[in-house]
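Undergrad: Dumping the structure here so I can ask a few things about it.
As structure tokens, this is what we get:
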């Protein structure tokens, strides 16, 4: 399977990141979408930008830690854009699409709840 693509960011500088969950991240099988906006140029808005969207499932929590993803995530979107404006527009479109499909960003209170579940899972 030499043609199989790996999910990775081509550029070093992360200019945007949104991770949304469908379900409780502490529960095995909860789906996530990560949408990233990267660039090889630290301070330019006219550079080339990558917008990458991944979807996968989490393993929940084990022994006080997030157990990571279940295998490799699927690549839903991966494209380069000339200039930050077009890339940022696409980034926002992907976030809104994920939200319309039931994915949501973790709130501060969600994070507190997740931290409590981590503590409770310690052996």
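Numbering (my numbering), first residue to last: 1 to 123. Note that the Cβ used here is the ideal one computed from N, Cα and C, for glycine as well.
(1) As an exercise, report each continuous alpha helix (DSSP H) stretch of at least 4 residues that is fully enclosed by the region 58-119, in chain order.
(2) Inspect the beta-carbon positions of residue 40 and residue 13 and report whether they are closer than 8 Å.
(3) With DSSP run on the structure shown, which of helix, strand or coil describes residue 143?
(4) Please report the residue range of the beta strand (DSSP E) in which residue 34 lies.
(5) Assuming contact is defined by CB atoms lying nearer than 8 Å, are residue 74 and residue 97 in contact in what I supplied?
(6) Go ahead and pull the three-state DSSP assignment for residue 18.
(7) Between residue 70 and residue 10, is the Cβ-Cβ spacing less than 8 Å?
(8) Hey, how far is the Cα of residue 32 from the Cα of residue 95?
(9) Rank 117, 112 and 101 by C-alpha distance to the C-alpha of residue 67 and give the top, closest one.
(10) In or out: residue 122 buried (at least 16 other Cβ within 10 Å) or exposed?
TA: Per the coordinate set shown:
(1) 84-100
(2) yes
(3) The structure shown does not extend to residue 143, since the chain spans only 1 to 123, so no value can be given for it.
(4) Run containing residue 34: 31-39, per the beta strand (DSSP E) assignment.
(5) no
(6) Note: residue 18 maps to strand in three-state DSSP.
(7) no
(8) In this structure, the straight-line span from the alpha carbon of residue 32 to that of residue 95 is close to 12 Å.
(9) 117
(10) exposed
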